[in-house]
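S.K.:
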Amino acid sequence: MDWPLKIQGRLVTKAEIDEIRMLLHNYPLWNRSRLSRELCVRWNWRRPDGQIKDMACRELLRKLEFRTLIKLPPRQCSGPGRLPTIESVEVDRSPISCLLSDIKPVKVVNARNCAEHEKAFNYLIKEYHYLSYGRPVGQNMKYMVVGRNERFLGCLLFGAAAWKVEARDRWIGWPADIRERNLGLICNNTRFLILDWVKVPHLASHALGSCLRRLPEDWNRRYGTDIAMVETFVDTTRYVGTCYKAANWLKIGQTKGRSRQDRYSKLKVSVKDILVYPLLRDFRKLLLA
């Protein structure tokens with residue numbers, strides 16, 4: 066095996082593998098969460114805002130176990146490392162079929178600023194988005210689309226950019242070393258949901274545009290970093306990306322139909338259109354710096 070290994074955006078040395086094995090041997094009662102926090106502190110693996118990269122470290126540990134380099138303790142049935150139970154929320158499901166002007170003002174609000182909104186966000190994504198809800202790993206922002214009389218209309222989730230995408234990286238002109246350094250300047254619109262009973266022309270592109278106008282400031286306030294571009298991947302077997310195109314996103318290529326977890330090019334998934342939205346005029350200069 067060639068060392069170091071590049072996993073989860075980090076170079077892992079043989080000495081660090083030995084360190085993990087030592088901790089597992091010396092502290093057999095530690096769970097996965099305790100182990101990942103300890104490693105983040107020892108390795109000084111932190112986000113720009115100073116917080117440890119706990120979720121990224123847990124994913125790294127899972128990938129090391131998949132490669133049979135370590136043996137982790139069993140998963141716990143509950144606790145901070147497990148997906149929380151998503152509670153049901155009473156939502157007004159009466160049909161909305163009208164013009165956009167009829168439901169204004171339409172607001173895009175940060176779901177994390179209100180416990181009721183975040184609870185509704187988690188439930189609606191779980192119940193009505195085809196990918197359902199999974200605990201976001203790393204940096205992320207949750208938004209609710211709210212119409213007149215505080216009716217919930219939809220949800221948007223933004224998270225970390227995809228690690229490596231050939232068409233995107235070629236379009237930017239990204240060498241691997243610069244991509245690894247500047248990947249945090251891109252975020253990914255990983256979920257976008259307009260609720261099934263809401264039939265309002267142009268609502269999706271309107272909500273998307275409103276969200277992108279506030280996203281850079283919200284992201285900087287929460288994580289202390291700037292973003293220069295947003296990306297998304299549209300499943301071509303389900304959608305054509307009309308709302309993104311109406312909001313002036315750029316289609317720059319397609320994925321190759323491989324899972325990001327596929328090590329041997331054997332796992333086939335649907336081809337996705339790659340769309341991007343630059344947030345700054347000099348976005349490419351920043352991404353290549």
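The numbering of the sequence shown is the numbering used here, which starts it at 66 and goes up by one. We put the beta carbon where it would ideally sit given N, CA and C, even for glycine.
1. Since Y198 contacts K191 with CB under 8 Å, what's their CB separation in whole angstroms?
2. With hydrogens ignored, establish whether the beta-carbon of L126 is closer than 8 Å to any heavy atom of the ligand COA.
3. Evaluate contact between the region 169 to 182 and the region 242 to 257, counting only Cβ atoms and requiring at least three cross-stretch pairs below 8 Å.
4. Just checking my contact of L196 with F217 at CB under 8 Å: how many whole Å lie between their CB atoms?
5. Run the CB neighbour count on R278, radius 10 Å, all protein chains shown included, and call it buried at 16 or more, exposed below.
6. State the CB to CB distance for the pair C105 and D119, rounded to an integer number of angstroms; the pair is presumed to be in contact (CB under 8 Å).
7. For K264 and L165, what's the separation of their Cα atoms in angstroms?
8. Can you give me the Cβ contacts of R213 inside the same chain, cut-off strictly under 6 Å, excluding the 5 residues immediately before and after it?
9. Would you mind listing the beta strand (DSSP E) stretches within the region 244 to 311 that are 3+ residues and don't spill past its ends, in chain order?
10. What residue from R287, Y304, R256, L260 has the CA that sits closest to S162's CA?
11. Where does M206 sit, in a helix, a strand or coil, going by DSSP?
12. Nearest to N187 by CA position, among L222, E245, R140, is which residue?
13. Would V173 and A311 be called neighbours here (beta carbons separated by less than 9 Å)?
14. Would DSSP call Y188 helix, strand or coil?
15. What does the alpha-carbon distance come out to for the pair L351 and F298?
16. Out of G289, Q319, S275, Y304, which one is the CA nearest neighbour of P170?
17. Over the uninterrupted alpha helix (DSSP H) stretch that includes V355, give me the two end residues.
18. Determine the direct distance from the alpha carbon of L137 to that of R75, and round the result to whole angstroms.
M.R.: Straight from the coordinates:
1. About 4 Å separates the CB atoms of Y198 and K191; that is less than 8 Å, so the two are in contact.
2. Ligands are entirely absent from the displayed structure, and the ligand COA is therefore not among its contents.
3. Not touching, per the Cβ criterion.
4. No, L196 and F217 are not in contact; Cβ-Cβ is about 19 Å, not under 8 Å.
5. Around the beta carbon of R278, a 10 Å sphere encloses fewer than 16 other beta carbons of the protein chains shown; the residue is thus reported as exposed.
6. Contact annotation, C105 with D119: C-beta distance approximately 6 Å; criterion of less than 8 Å satisfied.
7. Between K264 and L165, the alpha-carbon positions lie close to 10 Å from each other.
8. Sequence-distant partners of R213 (beyond 5 residues in either direction) whose C-beta falls short of 6 Å from its own C-beta, in its chain, are I168.
9. Fully enclosed beta strand (DSSP E) runs of no fewer than 3 residues occupy 251 to 259, 294 to 300 of the region 244 to 311, in order along the chain.
10. Comparing C-alpha distances from S162 to each of R287, Y304, R256, L260 shows the shortest one belongs to L260.
11. M206 falls in the strand class under three-state DSSP.
12. Closest option to N187, judged by alpha-carbon separation, among L222, E245, R140: L222.
13. Their beta carbons are not under 9 Å apart, which means V173 does not touch A311 by this criterion.
14. Y188: helix per DSSP, three-state reduction.
15. Taking the straight line joining both Cα atoms gives about 22 Å.
16. Here the closest residue by C-alpha is S275.
17. A question about residue 355 goes unanswered here, because the residues of the chain that appear run from 66 up to 354.
18. Spanning the alpha carbons of R75 and L137 requires a straight line of approximately 19 Å.
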